[in-house]
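Undergrad:
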């Protein structure tokens, strides 16, 4: 209480696990103090103070066990405190500590001391509305410490009908983001990685919470989870979902009515089919086999007529059979990071398709032009008016595909490759008709190919734009993209006199990230005063003629990260960088040694200009894809 202000007569502390409630009370007289998860050092200090009340020092023999137990707590003060009290009764007996480490899950769900943690967390779960309970339970079918992609999670929620359209006309994807944000606000879900625009890119459920919820999954007959290595026989007829973290399925009950099979991690090699047979899975709606040892498309899948969600990501399959057209209810087809390069014409029969993801990142050289491999289609792409995401279509002189895209009026994200200069007019007309498009990624057929997209009179509300290929003129319509958050120009080769990209981009009100890769042939880039007011990340890569960068006072006031790659002619660090008070990171990749040496702490002639930047590193590519990393602050 001593830390509270004394000038007011009444002092009231309210605690809640719900961030939305806390911030709804915030005004001039109410301060909100989010309880942060403890760092490893603070967590050690707390648990050692409780477990060893006399010395407050952990014996060396128990240090490893202490760290392993803390790893399960993930900085959660409640868990650390309760477990610390329990450890204090074990003394310094190593076998007792090992026993607790290995039985932590059962301790949490039993009636012992750690049951207090479960009671508090179960209250948070019980307080959830029904639709959020199902969404949260599904997240716990993923393995612990597994980063869950926001977009992948929402696709699963949609396939399960956990998200339904209301009267407000919101898109299912937008509702899904609201659901996820509410779970985060309630402190049941943690953000793993944040996107540049403040949305969670990946998230996860903490170990402690995950252990408690596992029992809830079985109690409510929501899912059977198999976390350990082995082969599992499923004998319960009424099991609704099956999640296998490490291992393989064995025999299944012949009348199994499971609606979802989620398989994570590598399994035993399998060429042609799922080793369980379709007859036991005829009610299946979701089949997630990411990373499975599959060389061919499982033939049994064509019999899963109710299937809505099919993920074969990170497998070695090379082709998709014509029988894919039987899956009339399919909404998601995820073939990312497979070897599939062509889709059969029967794909157009999937009238409910919402997400078509068929591409592979093939990075041999980190500045290669064609790092993404898309797909060709034998006929129409799809007749689905529901399609929201289409990545990445290989045009290859078939401009009819571009014209056909005009019927995909609900499309939000589009990736299209293999474009020629003469495709520019047709593509521009198509883009203008896609009024819901938020993300656009277009690429010429090769590094010398030209993207001719000078005129789009009424561009859609793009938030992300990626242009890969030569630009004879900088598209003026980009300056009208007031919602644009991320812009990447690659291989544009714009000249300094008439096509300086900075002049067109500098007034974009919401631009947070800008990447220029071989996009500019001039010898000077100048960021004018008062411009780029929100930019947080600036990346300059392979600008071969660039000799000087000038950042005028009051330009780039929010810049946090500066990345410079392979700009061999750049003579010095950007002029004015010492005025960028919010700059937190500088990363230099394959820059000349004399450039890097000027910024070193010991003897660098320009170190004083960047000494306010906490993180400064240089990187040099080595054989085998490794990097030699040097911290310039040492």
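Numbering (the numbering used here), first residue to last: 283 to 916. Ideal placement from N, C-alpha and C gives every residue a C-beta, glycine not left out.
#1: Can you say whether residue 890 is buried or exposed, counting buried as having 16 or more other CB atoms within 10 angstroms of its CB?
#2: Identify the residues that DSSP records as bridge partners of residue 843: which are they?
#3: Here's the rule I'm using: 16 or more other beta-carbon atoms within 10 Å means buried, otherwise exposed. How should residue 493 be labelled?
#4: Closer than 7 Å by C-beta to residue 908: which residues in its own chain qualify, once you throw out the five before and the five after it? Chain order, please.
#5: Rounded to the nearest angstrom, what separates residue 414 and residue 465 at their Cα positions?
#6: Exposed or buried, residue 476, counting other C-beta atoms within 10 Å across all chains shown (16 or more means buried)?
#7: Should residue 580 be labelled buried (16 or more other beta-carbon atoms within 10 Å of its own) or exposed?
#8: Return the first residue and the last residue of the alpha helix (DSSP H) that residue 910 is part of.
#9: Could you give the DSSP three-state label for residue 640: helix, strand or coil?
#10: Using a Cβ-Cβ cutoff of less than 7 Å, which residues in the same chain neighbour residue 665 once the five nearest sequence positions on both sides are dropped?
#11: Check whether the Cβ atoms of residue 744 and residue 709 sit closer than 8 Å, and answer yes or no.
#12: Verify whether the separation of the beta carbon atoms of residue 439 and residue 451 is less than 8 Å.
#13: Taking the Cβ atom as the reference point for each residue, do residue 701 and residue 731 lie within a distance shorter than 8 Å?
#14: Between which residues of its own chain and residue 832 is the CB-CB distance below 8 Å, once the five residues before and five after are set aside?
#15: So, helix, strand or coil for residue 750, using DSSP?
#16: Quick one: Cα of residue 509 to Cα of residue 405, how far?
#17: Between the segment 338–346 and the segment 473–489, do at least 3 Cβ pairs fall closer than 8 Å?
#18: Would a C-beta distance cut-off of 8 Å place residue 684 and residue 653 closer than the cut-off?
#19: Please state the DSSP three-state secondary structure of residue 294.
#20: Roughly how many angstroms separate the alpha carbons of residue 923 and residue 876, rounded to a whole number?
#21: Would residue 298 be called buried (16 or more neighbouring beta carbons within 10 Å of its own) or exposed?
#22: Determine the closest residue to residue 886 out of 896, 914, 869, 861, with distance taken between C-alpha atoms.
#23: Does DSSP put residue 284 in a helix, in a strand, or in coil?
#24: Can you name, in chain order, every residue of its own chain whose Cβ lies under 7 Å from the Cβ of residue 919, other than the five neighbours on each side?
#25: When DSSP labels each residue in this structure, what does residue 631 get in the three-state scheme?
#26: Taking buried to mean at least 16 other C-beta atoms within 10 Å of its own C-beta, is residue 521 buried or exposed?
#27: Hey, how far is the Cα of residue 826 from the Cα of residue 797?
#28: Give me the residue from 572, 761, 912, 487 with the minimum Cα distance to residue 793.
#29: If you count every other CB in all the chains shown that lies within 10 Å of the CB of residue 432, and 16 or more means buried, which is it?
#30: Could you tell me whether the segment 607–626 touches the segment 685–704, where touching means 3 or more Cβ pairs closer than 8 Å?
#31: Quick check on DSSP: helix, strand or coil for residue 523?
#32: Are the CB atoms of residue 727 and residue 759 within a distance shorter than 8 Å?
#33: Where DSSP assigns a beta bridge to residue 578, which residues make up the other side?
#34: Excluding the 5 residues flanking residue 483 on each side, which residues of the same chain have their C-beta closer than 8 Å to its C-beta?
#35: Applying the 10 Å Cβ sphere with the 16-neighbour rule, what's the burial state of residue 526?
#36: Given this structure, state the Cα-to-Cα distance separating residue 817 from residue 861, to the nearest angstrom.
TA: In brief:
#1: In the chain shown, counting from the first residue as 1, residue 890 sits at position 608. When all chains shown are included, residue 890 counts as exposed.
#2: Locating residue 843 in the chain shown gives position 561, counting from the first residue. Checking the DSSP bridge columns, you'll see residue 843 partnered with 819, 867.
#3: Position 211 of the chain shown, counted from the start, is the residue given in the question as residue 493. When all chains shown are included, residue 493 counts as buried.
#4: Here residue 908 corresponds to residue number 626 of the chain shown, with the count starting at 1. Close CB contacts of residue 908 within its chain, under the 7 Å cut and outside five residues either way in sequence, are absent.
#5: For the purposes of this step, residue 414 is identified with residue 132 of the chain shown, where counting begins at 1. For the purposes of this step, residue 465 is identified with residue 183 of the chain shown, where counting begins at 1. Each residue's Cα considered, the two are about 8 Å apart.
#6: Counting from one through the chain shown, the residue named residue 476 turns up at place 194. Label assigned to residue 476: exposed.
#7: The sequence position of residue 580 within the chain shown is 298, counting from 1. Buried is the call here.
#8: As a working mapping, residue 910 is identified with position 628 in the chain shown. Taken as a continuous stretch (DSSP letters only), residue 910 belongs to no alpha helix (DSSP H), being part of the beta strand (DSSP E) at 909–913.
#9: Numbered from 1 along the chain shown, position 358 holds the residue referred to as residue 640. Residue state, collapsed to three classes: coil.
#10: If you number the chain shown from 1, residue 665 lands on position 383. Within the same chain, residue 665 has close Cβ partners 630, 633.
#11: For the purposes of this step, residue 744 is identified with residue 462 of the chain shown, where counting begins at 1. For the purposes of this step, residue 709 is identified with residue 427 of the chain shown, where counting begins at 1. Taking the C-beta atoms as reference points, residue 709 is found no nearer than 8 Å to residue 744.
#12: Stepping through the chain shown from its first residue, residue 439 is reached at position 157. Stepping through the chain shown from its first residue, residue 451 is reached at position 169. Taking 8 Å as the cut-off, the Cβ atoms of residue 439 and residue 451 do not count as close.
#13: In the chain shown, residue 701 corresponds to position 419, counting from 1. In the chain shown, residue 731 corresponds to position 449, counting from 1. Closer than 8 Å, so yes.
#14: Locating residue 832 in the chain shown gives position 550, where the first residue counts as 1. Counting only Cβ-Cβ distances below 8 Å, and skipping sequence neighbours, we find 806, 807, 808, 809, 856, 857, 858.
#15: Position 468 of the chain shown, counted from the first residue, corresponds to residue 750. Residue state, collapsed to three classes: strand.
#16: Locating residue 509 in the chain shown gives position 227, counting from the first residue. Locating residue 405 in the chain shown gives position 123, counting from the first residue. Approximately 25 Å, taken between the alpha carbons.
#17: With a cut-off of 8 Å, the segment 473–489 and the segment 338–346 do not count as touching, because too few Cβ pairs lie within range.
#18: If you number the chain shown from 1, residue 684 lands on position 402. If you number the chain shown from 1, residue 653 lands on position 371. Between residue 684 and residue 653, the C-beta spacing is not below 8 Å.
#19: Position 12 of the chain shown, counting from 1, holds the residue named residue 294. Three-state DSSP puts residue 294 in coil, outside helix and strand.
#20: The requested residue 923 does not occur in the structure, where the chain is confined to residues 283 to 916.
#21: By one-based count along the chain shown, residue 298 stands at place 16. Within a 10 Å sphere around the beta-carbon of residue 298 sit fewer than 16 other beta-carbons, which makes this residue exposed.
#22: By 1-based counting over the chain shown, the position of residue 886 is 604. Residue 886 has its Cα closest to that of 914, out of 896, 914, 869, 861.
#23: The count along the chain shown starts at 1 and reaches residue 284 at position 2. Caution is warranted here: a pLDDT of 46 is assigned to residue 284, below 50, making its placement in the model unreliable, and the coordinate value is therefore given only provisionally. Under the three-state reduction of DSSP output, residue 284 falls in the coil class, being neither helix nor strand.
#24: Nothing can be reported for residue 919: it is not among the residues displayed for the chain, which extend from 283 to 916.
#25: The sequence position of residue 631 within the chain shown is 349, counting from 1. Note: residue 631 maps to helix in three-state DSSP.
#26: Position 239 of the chain shown, counted from the first residue, corresponds to residue 521. Buried: at least 16 other Cβ atoms inside 10 Å.
#27: Translated into the one-based positions of the chain shown, residue 826 becomes position 544. Translated into the one-based positions of the chain shown, residue 797 becomes position 515. Each residue's Cα considered, the two are about 15 Å apart.
#28: Taking the first residue of the chain shown as 1, we reach residue 793 at position 511. In terms of CA proximity to residue 793, 761 leads the group 572, 761, 912, 487.
#29: Mapped onto the chain shown, residue 432 falls at position 150. By the Cβ neighbour-count rule, residue 432 is buried, with 16 or more other Cβ atoms within 10 Å of its own.
#30: With the cut-off at 8 Å, the segment 607–626 and the segment 685–704 do not touch.
#31: Counting from 1 along the chain shown, the entry for residue 523 is found at position 241. Reduced to three states, the DSSP call for residue 523 is strand.
#32: Taking the chain shown and counting its residues from 1, the one referred to as residue 759 is at position 477. Taking the chain shown and counting its residues from 1, the one referred to as residue 727 is at position 445. It is not a contact, given that the beta carbons lie outside the stated cut-off.
#33: In the chain shown, the residue the question calls residue 578 occupies position 296. When DSSP reads this structure, residue 578 sits in no beta bridge, so it has no partner.
#34: Translated into positions along the chain shown, residue 483 becomes position 201. If we look at residue 483 and ignore the five residues flanking it on each side, its Cβ neighbours are 431, 432, 474, 475, 476, 477.
#35: Looking up residue 526 in the chain shown gives position 244. Its Cβ being crowded by 16 or more others within 10 Å, residue 526 is buried.
#36: Mapped onto the chain shown, residue 817 falls at position 535. Mapped onto the chain shown, residue 861 falls at position 579. When rounded, the distance between both Cα atoms is 15 Å.
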